[in-house]
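For the sequence shown, the positions run 786 to 935 when the working numbering is used.
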Amino acid sequence: MTIVAPMSAGKSTIINAIIGNDLLPTSASAMTTIPTEIILDTDIDEPCLILDDDVLFVSNNTKQILKDYINAQEHSEIKEQLSSYPHLIDLAENIGCGKIKFDSELKGYKEIRETLTILNNIFRLYNIFVVAGLLNNDYNPLYGRCIFMG
């Protein structure tokens, strides 16, 4: 089953209801920025998120661009630039400190949801800085696929 709808239409909420668990990140504003494929497999006891090489490459590239930008700014500047997005300030700080790492395979609902939230917010943060004219738009992340099995 493929679910396609406009932004903020509740696609992740519908998918979470279908699978019977809050796996995909949801929020009052648009949340999911990367395509996610869910494969239901009754032979697997615990959900597993597999980030393919393309997703890891693009995510790490985007994260490095953000890290370079964040570290070139004063902390107060970043907070001011993200004043309309206070939920992204901690992420920006963690990116700047190099605390964000991605594994190619993760297990468990909580870890998967947290990782998908971070991935989506990294691309959101990048786009916020590009739209504000703070980052050059020469780099255009082409999203790979996130594959969920469970």
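Here a beta-carbon is modelled for each residue, glycine too, at the ideal position from N, C-alpha and C.
Are the CB atoms of residue 890 and residue 834 nearer to each other than 8 Å? Taking the first residue of the sequence shown as position 1, residue 890 is located at position 105. Taking the first residue of the sequence shown as position 1, residue 834 is located at position 49. For residue 890 and residue 834, yes; Cβs fall inside 8 Å.
Nearest by alpha-carbon distance to residue 853: which of 794, 911 and 789 is it? Here residue 853 refers to the residue found at position 68 when the sequence shown is read from its first residue. Restricting attention to 794, 911 and 789, the CA atom closest to the CA of residue 853 is found in 911.
Terminal residues of the continuous alpha helix (DSSP H) containing residue 841? On the sequence shown, position 56 is the one that residue 841 refers to. Segment 838-856, the alpha helix (DSSP H) holding residue 841.
For the beta strand (DSSP E) containing residue 890, list its first residue and its last residue. Locating residue 890 in the sequence shown gives position 105, counting from the first residue. Counting along the chain, the beta strand (DSSP E) containing residue 890 begins and ends at 890-892.
Does the beta-carbon of residue 858, which I'm using as the reference point, lie nearer than 7 Å to any heavy atom of the ligand ZN? Absence of the ligand ZN from the depicted structure is noted, as is the absence of any ligand whatsoever, leaving it without description.
In the structure shown, what three-state DSSP assignment does residue 831 receive? Counting from 1 along the sequence shown, the entry for residue 831 is found at position 46. Reduced to three states, the DSSP call for residue 831 is coil.
Looking at the structure shown, is residue 885 part of a helix, part of a strand, or coil, going by DSSP? As a first step, residue 885 is located in the sequence shown; it is residue number 100 there, counting from the start. DSSP places residue 885 in the coil class of the three-state scheme, outside both helix and strand.
Would you list the one or two residues that DSSP bridges to residue 798? Looking up residue 798 in the sequence shown gives position 13. DSSP output for residue 798 lists no bridge partner at all.
Roughly how many whole angstroms lie between the Cα atoms of residue 884 and residue 794? The residue given as residue 884 occupies position 99 in the sequence shown. The residue given as residue 794 occupies position 9 in the sequence shown. If you take the alpha carbons of residue 884 and residue 794, they lie about 32 Å apart.
By the 10 Å Cβ neighbour count, where 16 or more other Cβ atoms means buried, how is residue 844 classified, buried or exposed? Stepping through the sequence shown from its first residue, residue 844 is reached at position 59. By the Cβ neighbour-count rule, residue 844 is buried, with 16 or more other Cβ atoms within 10 Å of its own.
For residue 903, the three-state DSSP class (helix, strand or coil): Position 118 of the sequence shown, counting from 1, holds the residue named residue 903. Helix at residue 903.
State yes or no: is the C-beta of residue 894 within less than 8 Å of the C-beta of residue 801? The residue labelled residue 894 in the question sits at position 109 within the sequence shown. The residue labelled residue 801 in the question sits at position 16 within the sequence shown. With a cutoff of 8 Å on beta-carbon distance, residue 894 and residue 801 are scored as not near each other.
Residue from 790, 812, 827 and 789 with nearest C-alpha to residue 804: The sequence position of residue 804 within the sequence shown is 19, counting from 1. That would be 827, whose Cα lies nearest to the Cα of residue 804.
Given this structure, state the Cα-to-Cα distance separating residue 837 from residue 857, to the nearest angstrom. Counting from 1 along the sequence shown, the entry for residue 837 is found at position 52. Counting from 1 along the sequence shown, the entry for residue 857 is found at position 72. Those two C-alpha atoms are separated by around 30 Å.
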